[in-house]
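First residue of the sequence shown? That's 1008 in this note's numbering, and the numbers climb one at a time after it. Notes follow the structure.
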Amino acid sequence: MEFEGEGQSLARLQATVDAAREGGFAAVSANDHFVFSTPWLDGPTALAAVLGRSGELTLATTISLVALRGPAPLAKTLVALDVLSGGRLIAGVGPGSSRRDYDAVGIPFEDRWSRFEEAVTILRALLGRAPAPEQTRFYALPDGELLPSPVRDGGVPVWIGSWGSAAGLRRVARLADGWLASAYNTTPEQFTAGRERLAGELDRQGRPTDAFPNALVTMWTYVTEDRTERDRVLHHVLAPLLNRDPDALRERVCIGSAGHCVELLSRYAESGCQRVDIWPMGESAHQVETFATHVAPHISRG
């Protein structure tokens, strides 16, 4: 995503991934919108562009719009990323919360949940995670195997994004290999409650709870000790972008001092959160380096 006219370039992507790799990060991820209020590179294409710089980093989509891209085309793209990375991909998917994306491809926004359920079922089959459904309503099944196949034994894991609703977590328990929560739509306390609810749903599905992974994504990040700069980013960059109250966002995101970020992420670690995907709001490489130096080493791991 482009912030404040900083522009898009391969050099910017490469510098950010270099900083993540050298700073000891675990993964690099890309999100998905077709239409947005600021320029947004296509996520899978951006991931492909930095494969050669990613080292051993996990690659992830957090999330990709499977109901809009279509399960077969998205599976083809994801398997290509998996093969070219040597099996380092996690496929994070979600229905998307923007009506504009649905309008852009001519799909009714009101159909998003039924379409998403079917699309995920087909995607999991195409990625080697589950049998193909016997019948479909919205999407066609390929009449043959998509080749090449994923590199990893057992196929590409599919994680599902949910803000933590009861219905969303039931869906995660039924269909997913991991849970992606949204940082600016939750709190550490809500994450704890969601994780406990998910554990109950997994148990009802006869699935193990201890090994079920999770991550917190869309953690908007701008580390600065300057309160004026913090308030500028919150009030004039992030709040208008999301159409949210800046004061409500302040305690949910890593915008502010290193100490604020350490305190917030330590609370998430104590709540059982396993991984956080930070989203630098400009100066991406510099922010990744700052986070690696002044925040990550000081987070209490619970």
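Positions of the beta carbon are idealized from the N, C-alpha and C atoms, including for glycine. Here the structure is a predicted model, which means the values were calculated and not measured.
Looking only at its own chain, which residues have a Cβ that is under 6 Å from the Cβ of residue i, when we skip the five neighbours before and after it?
i: Arg1131; result: Ala1137 and Val1165
i: Ala1034; result: Leu1064, Thr1065 and Ala1067
i: Pro1051; result: Thr1084
i: Leu1096; result: Leu1066, Leu1088, Asp1089 and Val1163
i: Arg1106; result: Phe1116
i: Ala1022; result: Ala1292
Whose CA, out of the options, lies closest to the CA of residue i?
i: Val1042; options: Gly1094, Gln1015 and Ser1104; result: Ser1104
i: Gln1142; options: Asp1184, Cys1280, Ser1156 and Ala1126; result: Ala1126
i: Ser1061; options: Pro1247, Val1073 and Arg1028; result: Arg1028
i: His1242; options: Val1224, Gly1263 and Thr1225; result: Gly1263
i: Arg1177; options: Glu1277, Pro1195 and Gly1201; result: Gly1201
i: Thr1213; options: Thr1297, Ala1180, Leu1187 and Pro1195; result: In the sequence on display, residue 1213 carries Gly and not Thr. Measuring from the Cα of Gly1213, the nearest candidate turns out to be Ala1180.
i: Arg1234; options: Ala1218, Glu1208 and Gly1266; result: Gly1266
i: Ile1306; options: Glu1290, Cys1280 and Trp1286; result: Cys1280
i: Ser1189; options: Thr1297, Leu1256 and Phe1032; result: Leu1256
i: Leu1209; options: Gly1175, Arg1239, Pro1140 and Val1240; result: Gly1175
i: Glu1124; options: Ala1079, Leu1182, Thr1199 and Gly1012; result: Leu1182
Taking the C-alpha atoms as reference points, what is the distance between residue i and residue j?
i: Ala1295; j: Ala1206; result: In the sequence under discussion, the amino acid at residue 1295 is Val, which differs from the Ala named in the question. Computed Cα separation, rounded: 32 Å.
i: Tyr1146; j: Gly1077; result: 7 Å
i: Leu1075; j: Leu1081; result: 9 Å
i: Ala1303; j: Trp1120; result: 36 Å
i: Pro1149; j: Thr1128; result: 13 Å
i: Asp1252; j: Ala1246; result: 6 Å
i: Arg1019; j: Ala1026; result: 11 Å
i: Arg1274; j: His1301; result: 17 Å
i: Ser1092; j: Pro1140; result: 28 Å
Short check: CB of residue i to CB of residue j, under 7 Å?
i: Val1163; j: Leu1134; result: yes
i: Arg1282; j: Ala1222; result: yes
i: Asp1284; j: Ser1071; result: no
i: Thr1069; j: Asn1038; result: yes
i: Trp1227; j: Val1260; result: yes
i: Gly1185; j: Pro1220; result: yes
i: Val1057; j: Val1024; result: yes
i: Pro1195; j: Ser1278; result: yes
i: Met1288; j: Tyr1229; result: yes
i: Gly1030; j: Ala1299; result: yes
i: Val1224; j: Leu1187; result: yes
i: Gln1015; j: Leu1048; result: yes
i: Arg1159; j: Gly1059; result: no
Between which residues of its own chain and residue i is the CB-CB distance below 8 Å, once the five residues before and five after are set aside?
i: Thr1045; result: Met1008, Glu1009, Phe1010 and Leu1248
i: Gln1197; result: Gly1171
i: Thr1199; result: Ser1278 and Gly1279
Short of 7 Å in beta carbon distance, which residues of its chain neighbour residue i, apart from the five on each side in sequence? Order them along the chain.
i: Ala1111; result: Phe1041 and Val1042
i: Arg1237; result: Thr1231, Ile1262 and Gly1263
i: Arg1144; result: Glu1125
At a cut-off of 6 Å, is residue i close to the ligand NAP when judged by its beta-carbon and the heavy atoms of the ligand?
i: Thr1023; result: Looking at this structure, you won't find the ligand NAP or any other ligand, since it has none at all.
Can you check whether the C-beta of residue i is within less than 7 Å of a C-beta belonging to chain C?
i: Gln1142; result: As a matter of chain content, chain C is missing from the structure shown, which is built from one protein chain.
Check whether the region 1087 to 1105 and the region 1165 to 1182 touch, using three or more Cβ-Cβ pairs below 8 Å as the test.
yes
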